[in-house]
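Chains A, B, C and D, in that order, give the protein sequences.
Under the numbering used here, the letters of the first sequence match residues 1 to 245, in that order.
Under the numbering used here, the letters of the second sequence match residues 246 to 490, in that order.
Under the numbering used here, the letters of the third sequence match residues 491 to 735, in that order.
Under the numbering used here, the letters of the fourth sequence match residues 736 to 980, in that order.
Protein chains: 4
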Amino acid sequence: MTITVWNEFRHEPASDAIRSIYPNGIHGAIAEHLSKYDGFSVRTATLDEPEHGLTQDVLDATDVLIWWSHIAHGDVTDAVAERVQTAVQQGMGLIVLHSSHFSKPFKRLMGTTCGLSWREDDKHERLWVVDPTHPIAAGIDRYIEVPEAEMYGEFFDVPTPDELVFISWFAGGEVFRSGMVWKRGYGKIFYFRPGHETYPIYHQPQIVQVIANACRYLNNDRATVTGIGSCPHQTESPESLRVRA
Amino acid sequence: MTITVWNEFRHEPASDAIRSIYPNGIHGAIAEHLSKYDGFSVRTATLDEPEHGLTQDVLDATDVLIWWSHIAHGDVTDAVAERVQTAVQQGMGLIVLHSSHFSKPFKRLMGTTCGLSWREDDKHERLWVVDPTHPIAAGIDRYIEVPEAEMYGEFFDVPTPDELVFISWFAGGEVFRSGMVWKRGYGKIFYFRPGHETYPIYHQPQIVQVIANACRYLNNDRATVTGIGSCPHQTESPESLRVRA
Amino acid sequence: MTITVWNEFRHEPASDAIRSIYPNGIHGAIAEHLSKYDGFSVRTATLDEPEHGLTQDVLDATDVLIWWSHIAHGDVTDAVAERVQTAVQQGMGLIVLHSSHFSKPFKRLMGTTCGLSWREDDKHERLWVVDPTHPIAAGIDRYIEVPEAEMYGEFFDVPTPDELVFISWFAGGEVFRSGMVWKRGYGKIFYFRPGHETYPIYHQPQIVQVIANACRYLNNDRATVTGIGSCPHQTESPESLRVRA
Amino acid sequence: MTITVWNEFRHEPASDAIRSIYPNGIHGAIAEHLSKYDGFSVRTATLDEPEHGLTQDVLDATDVLIWWSHIAHGDVTDAVAERVQTAVQQGMGLIVLHSSHFSKPFKRLMGTTCGLSWREDDKHERLWVVDPTHPIAAGIDRYIEVPEAEMYGEFFDVPTPDELVFISWFAGGEVFRSGMVWKRGYGKIFYFRPGHETYPIYHQPQIVQVIANACRYLNNDRATVTGIGSCPHQTESPESLRVRA
Numbered sequence: 001m002t003i004t005v006w007n008e009f010r011h012e013p014a015s016d017a018i019r020s021i022y023p024n025g026i027h028g029a030i031a032e033h034l035s036k037y038d039g040f041s042v043r044t045a046t047l048d049e050p051e052h053g054l055t056q057d058v059l060d061a062t063d064v065l066i067w068w069s070h071i072a073h074g075d076v077t078d079a080v081a082e083r084v085q086t087a088v089q090q091g092m093g094l095i096v097l098h099s100s101h102f103s104k105p106f107k108r109l110m111g112t113t114c115g116l117s118w119r120e121d122d123k124h125e126r127l128w129v130v131d132p133t134h135p136i137a138a139g140i141d142r143y144i145e146v147p148e149a150e151m152y153g154e155f156f157d158v159p160t161p162d163e164l165v166f167i168s169w170f171a172g173g174e175v176f177r178s179g180m181v182w183k184r185g186y187g188k189i190f191y192f193r194p195g196h197e198t199y200p201i202y203h204q205p206q207i208v209q210v211i212a213n214a215c216r217y218l219n220n221d222r223a224t225v226t227g228i229g230s231c232p233h234q235t236e237s238p239e240s241l242r243v244r245a
Numbered sequence: 246m247t248i249t250v251w252n253e254f255r256h257e258p259a260s261d262a263i264r265s266i267y268p269n270g271i272h273g274a275i276a277e278h279l280s281k282y283d284g285f286s287v288r289t290a291t292l293d294e295p296e297h298g299l300t301q302d303v304l305d306a307t308d309v310l311i312w313w314s315h316i317a318h319g320d321v322t323d324a325v326a327e328r329v330q331t332a333v334q335q336g337m338g339l340i341v342l343h344s345s346h347f348s349k350p351f352k353r354l355m356g357t358t359c360g361l362s363w364r365e366d367d368k369h370e371r372l373w374v375v376d377p378t379h380p381i382a383a384g385i386d387r388y389i390e391v392p393e394a395e396m397y398g399e400f401f402d403v404p405t406p407d408e409l410v411f412i413s414w415f416a417g418g419e420v421f422r423s424g425m426v427w428k429r430g431y432g433k434i435f436y437f438r439p440g441h442e443t444y445p446i447y448h449q450p451q452i453v454q455v456i457a458n459a460c461r462y463l464n465n466d467r468a469t470v471t472g473i474g475s476c477p478h479q480t481e482s483p484e485s486l487r488v489r490a
Numbered sequence: 491m492t493i494t495v496w497n498e499f500r501h502e503p504a505s506d507a508i509r510s511i512y513p514n515g516i517h518g519a520i521a522e523h524l525s526k527y528d529g530f531s532v533r534t535a536t537l538d539e540p541e542h543g544l545t546q547d548v549l550d551a552t553d554v555l556i557w558w559s560h561i562a563h564g565d566v567t568d569a570v571a572e573r574v575q576t577a578v579q580q581g582m583g584l585i586v587l588h589s590s591h592f593s594k595p596f597k598r599l600m601g602t603t604c605g606l607s608w609r610e611d612d613k614h615e616r617l618w619v620v621d622p623t624h625p626i627a628a629g630i631d632r633y634i635e636v637p638e639a640e641m642y643g644e645f646f647d648v649p650t651p652d653e654l655v656f657i658s659w660f661a662g663g664e665v666f667r668s669g670m671v672w673k674r675g676y677g678k679i680f681y682f683r684p685g686h687e688t689y690p691i692y693h694q695p696q697i698v699q700v701i702a703n704a705c706r707y708l709n710n711d712r713a714t715v716t717g718i719g720s721c722p723h724q725t726e727s728p729e730s731l732r733v734r735a
Numbered sequence: 736m737t738i739t740v741w742n743e744f745r746h747e748p749a750s751d752a753i754r755s756i757y758p759n760g761i762h763g764a765i766a767e768h769l770s771k772y773d774g775f776s777v778r779t780a781t782l783d784e785p786e787h788g789l790t791q792d793v794l795d796a797t798d799v800l801i802w803w804s805h806i807a808h809g810d811v812t813d814a815v816a817e818r819v820q821t822a823v824q825q826g827m828g829l830i831v832l833h834s835s836h837f838s839k840p841f842k843r844l845m846g847t848t849c850g851l852s853w854r855e856d857d858k859h860e861r862l863w864v865v866d867p868t869h870p871i872a873a874g875i876d877r878y879i880e881v882p883e884a885e886m887y888g889e890f891f892d893v894p895t896p897d898e899l900v901f902i903s904w905f906a907g908g909e910v911f912r913s914g915m916v917w918k919r920g921y922g923k924i925f926y927f928r929p930g931h932e933t934y935p936i937y938h939q940p941q942i943v944q945v946i947a948n949a950c951r952y953l954n955n956d957r958a959t960v961t962g963i964g965s966c967p968h969q970t971e972s973p974e975s976l977r978v979r980a
C-alpha cells in the first residue's frame with residue numbers, strides 16, 4: 001500500500017518551538033512513524049512543491065492520502081483540490097487530520113461548511129471509543145488520553161457519518177465527534193481530530209496506531225473502477241439481453 | 246411557507262411535443278399544482294432570468310427550492326450554484342427532481358459524482374415505499390405507478406442517505422433509489438427521481454402529493470441560525486463560565 | 491395526543507430523600523410538567539397496578555409512552571414487555587429514560603445488551619446538541635447543564651441510531667450518547683439519558699422541554715397500519731394487475 | 736475461520752423434488768461449496784440434533800453462523816435462540832438466509848416484526864449492487880440474475896441497515912432490499928434474500944461467492960471482548976485516575 005502524507009508545511013519553518021517538536025515537519029513525523037508498519041510504502045508532499053506535490057501521477061499511485069493544513073487552506077489551488085476529490089471518488093482513501101476540517105478537499109467532499117467551535121487552552125483531551133470492534137479502533141483500549149490539546153467543540157457541521165468511531169471529552173467542558181468515516185463514490189474518508197502543531201501529538205503511539213489502522217481500513221484493494229461520474233447510456237435493458245441470451 | 250420552483254426552461258420552448266404537455270413549462274405546472282395546497286405560497290424562476298431568478302433576496306425568502314434541469318446544467322453560474330448551496334446550509338429545503346441529479350447545486354452538496362445509468366424506453370416505472378410512516382410518503386399506498394418513464398439505474402453515486410423512502414422498479418429490469426433525504430448543515434435535501442420532460446409525470450396526482458409532502462418535511466420553521474460555517478472562537482470554556490456563575 | 495407516563499415507582503415510597511424530590515413519584519412529576527403543554531393529554535401507570543397499568547386498551551389509546559425503571563426491570567412480566575414492543579411496532583412512540591436502558595421493552599426493541607458504564611458521583615453533566623435543527627432540540631441552546639447527575643459512560647451497547655441528537659460530557663471525564671432516535675416498524679423510540687432518582691432533574695425546564703419535544707416528534711398522526719408483522723401473501727403480481735387494469 | 740452452517744432440514748427429507756436439488760440438504764450444499772475457499776473450516780448443524788446442534792461449545796468455536804429455516808421457526812427453543820443472540824452480541828457473525836427473516840434469532844436481534852410480502856411465482860430475480868466497493872459485493876458485476884425465485888416484496892420491516900448492499904428486482908413487479916448489514920454489540924449480521932428450497936440457488940456460483948464474501952466480512956478477528964452486556968461500575972473516574980498517575 002502506498003501512502004502519501006501531505007502537509008502545508010508553513011508552521012514548522014516559521015517557528016522554533018514547532019520545529020523543535022516536528023524537525024522534519026508534521027508530514028515527516030507521520031511518514032517516519034508509519035514507515036515502521038509492514039506493507040506501508042510512505043512518501044510525502046507539501047504545498048510549496050509544484051502542483052503541491054500532488055500531480056495526477058502521484059495521486060494515481062496513492063492508495064491513501066493523509067492531509068494536514070491549517071493557515072494556508074486558501075493557497076491550495078482549486079485544480080488540485082478537485083483532483084483530490086476526484087481521486088477519492090475513484091477509490092483513493094483520504095485521512096483528514098485536525099485543522100484540515102476546513103481544507104478545500106474535505107469541504108468539497110462533505111458539501112457542508114465543516115465549521116466547528118474551538119479554543120486553544122493547553123488542557124487534556126480524552127478520545128472515547130464508541131465502536132469498539134471497528135478496525136480503526138483496533139488495539140485501543142476504552143479511550144486515548146492526549147495530555148495537551150487545542151479544543152474543538154460541537155456543533156461540527158458535517159454530514160451524518162457512515163461510521164462514528166471516537167468522541168472526544170475536553171477538560172474545558174466540550175465534546176466533539178473526533179473520528180468519523182464517510183463513503184464518497186468508490187473511496188472512503190476518515191476525519192481524525194487530534195494534532196495541533198504546538199503539541200507532540202503525532203509522536204504519541206496510540207495516535208499513530210489509529211492513523212495506521214485507518215490507512216488499512218481505507219485502502220481499497222479492488223482496482224479503480226473506471227467510469228465513475230459518467231452517466232452510462234444503457235442501450236439495451238437487462239430484460240432484452242436476457243431474452244436474447 | 247414560500248416555495249420557489251426553478252426550471253432551466255429550455256426544452257419547452259424548443260419542442261412542440263414537450264410544450265403540449267407543459268404549456269407553462271415544468272415550473273409552471275408544478276407551481277400550479279402546489280398552489281392548491283393550504284399554506285403554500287409558490288413562485289417560479291428560470292435560468293434565463295437575471296441571476297437565473299435566484300438573487301440573494303429570492304433565496305432569503307424561500308423556505309423550499311424545487312430544482313429541475315437537464316441539458317443546461319453548465320449554464321448555471323458557479324456563483325448561483327454556490328449561493329444555493331449556502332442557502333441550504335443555512336436552512337433552506339431543496340427538492341432535486343429527476344435529471345437535476347447532475348445539477349451543480351446537488352453535486353456541490355453531495356460531494357460525489359452523482360452519476361447513474363439511464364435509458365429512454367417508454368416503459369412503466371413503479372416506485373415502492375420502503376419507509377411507510379415517513380411524512381414524505383403520507384397518503385401514498387404501497388407504490389406509485391408511472392405509466393411511461395425514462396429509466397435510471399444503479400449504481401447511483403450519492404452518499405448514504407439519511408433516509409431512504411422510495412425504490413423504483415423498471416420494466417426493463419433495473420432498480421433505483423428514487424427518493425432519498427440528506428441533511429446538510431441546517432437544511433435538508435430530497436432527491437425525487439420521476440419527471441422526464443416528454444411525459445406528463447408532474448400532472449400525476451401522487452407525484453404532486455409526494456412533492457407537496459416533501460415541501461412540508463423540508464420546511465424548517467426555526468429561524469435561520471446565523472453563523473453556520475464560521476468557526477467561532479470560544480474564549481471561555483463552559484467549565485470556567487460555570488465556576489463564575 | 492395521549493401520553494402515558496410509566497414508572498416502576500419503587501424508590502419513592504422507600505426513601506424520604508427521594509420522596510422529597512418527587513412527592514408524587516417521578517411519573518407524577520413528569521405528568522404534571524407535560525400537562526402544561528397544549529394538546530397533551532397525560533396519564534400515568536405504575537408497576538404494581540394490575541398488568542402494570544399497561545393493558546391492551548391503555549396502549550391502544552397511547553400515542554407516546556414514557557418509561558422509567560431502575561431496580562425492578564425483572565418484575566415487569568414478559569407479556570407486558572412484549573405488548574409494549576408490539577405497540578411500538580404498530581406506531582406508538584416510546585421515550586426511554588435514564589436507567590430504563592436496561593428495561594425489557596428497550597432491550598427487546600434494540601436486540602443488543604444495552605449495557606454501559608456508570609458511577610454515582612454527584613458531579614455535573616453537560617448535554618451538547620449535535621443536531622441543532624432536530625425537532626427534539628428545539629428551544630435548546632448549544633447545551634443543557636445538569637448540576638448533579640449519575641455518570642453513564644461509553645461503550646453504550648445499542649444499535650447505530652437513526653438520529654443522534656445529544657452527547658453528554660461528565661465532570662469525571664466520560665462522554666455518552668445521551669439522546670438517540672431509532673425507528674422500529676411504524677414507531678419511533680427516543681432514549682434520553684438524564685434522570686437519576688436522587689436529583690430533581692425532571693423538574694429542570696430544559697429537560698422537560700426535550701421530553702415534550704420528543705412527545706411531539708414521536709407522535710405518529712397516521713392511523714395505525716394494521717398487518718405489521720404479518721407476511722401478506724400477494725397472490726397477484728403488480729405486473730399482472732396492471733395488464734388486467 | 737470456523738463456519739457453522741445451520742439448517743432446519745425439514746423440507747429435504749419430505750420432498751423428492753427438493754432432495755433432488757439438495758441431496759445432502761441445503762446445509763450440506765452450502766458447506767460443500769464454502770469448503771473450497773482458503774481458510775474456511777466448515778461444519779454443519781441441524782434442528783433435530785440435541786440442542787439443535789448449537790451447544791455453547793459449538794457457538795464458542797464458531798466465527799460465522801449461517802442460518803436457514805422456513806417451516807419450523809417455532810421448533811427452535813427460546814434457549815437456543817437466546818444463545819445465538821448472545822453469541823452475536825459477543826462477536827460471532829450471523830448470515831441469515833431467505834425465509835430465515837422470520838427466525839427467532841433474527842427477530843430477537845432486529846427488534847422488529849421482520850414481516851414482508853411474498854409470492855411463489857417461478858419468475859426470475861435480479862439483485863443489483865448498490866454499494867459497488869463493499870467487500871460483500873467483491874467479484875460481482877453490476878447484478879446477479881437468479882433464473883427462478885420466490886418473490887419477496889417491500890415493506891420489509893427491519894431497522895435501517897448499517898449498510899445496504901443489494902436491491903432485488905422481480906419480474907412480477909416488486910423490489911426488495913436483499914442484502915443488508917447490521918451491527919449488534921460486537922457482532923455483525925448479514926441478511927441475504929436468495930434461496931428458496933425448490934430452486935438450485937445455493938449452487939449458483941455468484942450466490943456462493945456473496946456468502947463467502949460475507950463470511951470474511953463478518954469474521955471478527957479480535958478476541959471476544961468479555962463483559963458485553965454487563966454494566967461495569969467505574970469506581971474511579973478517568974479524571975481522578977489521571978491526577979493520581
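Idealized CB from N, CA, C, for every residue including glycine.
Item to complete: Determine, using beta carbons only, whether L342/B comes closer than 8 Å to chain A.
Response: no
Worksheet item: Which stretch, first to last residue, makes up the alpha helix (DSSP H) that contains M845/D?
Response: 839-845
Item to complete: Let me know the secondary structure DSSP gives T779/D once reduced to three states.
Response: strand
Worksheet item: So is R616/C buried or exposed if we call it buried at 16+ other beta carbons inside 10 Å?
Response: buried
Worksheet item: So what does K923/D bridge to, in DSSP terms?
Response: K918/D
Practice prompt. Give the DSSP bridge partners of S852/D, in chain order.
Written response: G888/D
Worksheet item: Between which two residues does the beta strand (DSSP E) carrying N497/C extend?
Response: 492-497
Worksheet item: Does the count of Cβ pairs from the region 889-907 of chain D and the region 723-733 of chain C closer than 8 Å reach three?
Response: yes
Worksheet item: If you run the structure through DSSP and keep just helix, strand and coil, what is P392/B?
Response: strand
Worksheet item: If you draw a straight line from the C-alpha of D621/C to the C-alpha of Q89/A, how long is it?
Response: 27 Å
Practice prompt. Tell me, please, whether the CB atom of G336/B is closer than 8 Å to any CB atom in chain C?
Written response: yes
Worksheet item: Is A819/D near M736/D, with beta carbons less than 8 Å apart?
Response: What sits at residue 819/D in the sequence shown is Val, not Ala. Result no, Cβ atoms of V819/D and M736/D do not sit closer than 8 Å.
Worksheet item: Any Cβ of chain A within less than 8 Å of the Cβ of R861/D?
Response: yes
Worksheet item: Nearest CA to the CA of A457/B: which residue from A274/B, N269/B, Y282/B, H272/B?
Response: Y282/B
Fill in: G763/D to Y757/D span [Cα, whole Å]
8 Å
Worksheet entry | 8 Å Cβ cutoff, P748/D in contact with chain B | no
Worksheet item: The beta strand (DSSP E) spanning E163/A covers which residue range?
Response: 163-170
Worksheet item: Contact between the region 275-291 of chain B and the region 314-323 of chain B: three or more CB pairs below 8 Å?
Response: no
Discussion item. Against chain D, does V420/B count as a neighbour if the rule is that its beta carbon must be under 8 Å from one of theirs?
Written reply: yes
Worksheet item: S413/B: buried (16+ other C-beta within 10 angstroms of its C-beta) or exposed?
Response: buried
Worksheet item: Using the C-alpha atoms, what's the distance from G93/A back to I385/B?
Response: 41 Å
Practice prompt. Name the residue from Y397/B, F421/B, T357/B, I452/B whose alpha carbon lies nearest to the alpha carbon of A383/B.
Written response: I452/B
Worksheet item: To the nearest angstrom, how far is it from the Cα of V42/A to the Cα of N220/A?
Response: 16 Å
Item to complete: Closer than 8 Å by beta-carbon distance: list the chain A residues that pair up with E880/D, in chain order.
Response: P238, R242
Discussion item. Using the three-state DSSP reduction, which class does V619/C fall into: helix, strand or coil?
Written reply: strand
Worksheet entry | Opening and closing residue of the alpha helix (DSSP H) in which V341/B lies | No alpha helix (DSSP H) holds V341/B; the beta strand (DSSP E) holding it covers 338-342.
Item to complete: Report the option in R119/A, T112/A, V80/A, A79/A whose CA atom is closest to the CA atom of F176/A.
Response: R119/A
Worksheet item: DSSP puts L555/C in a beta bridge; with which residues?
Response: T494/C, L584/C
Discussion item. Let me check understanding here. Comparing Cα to Cα, which of Y152/A, L109/A, V96/A lies closest to V210/A?
Written reply: V96/A
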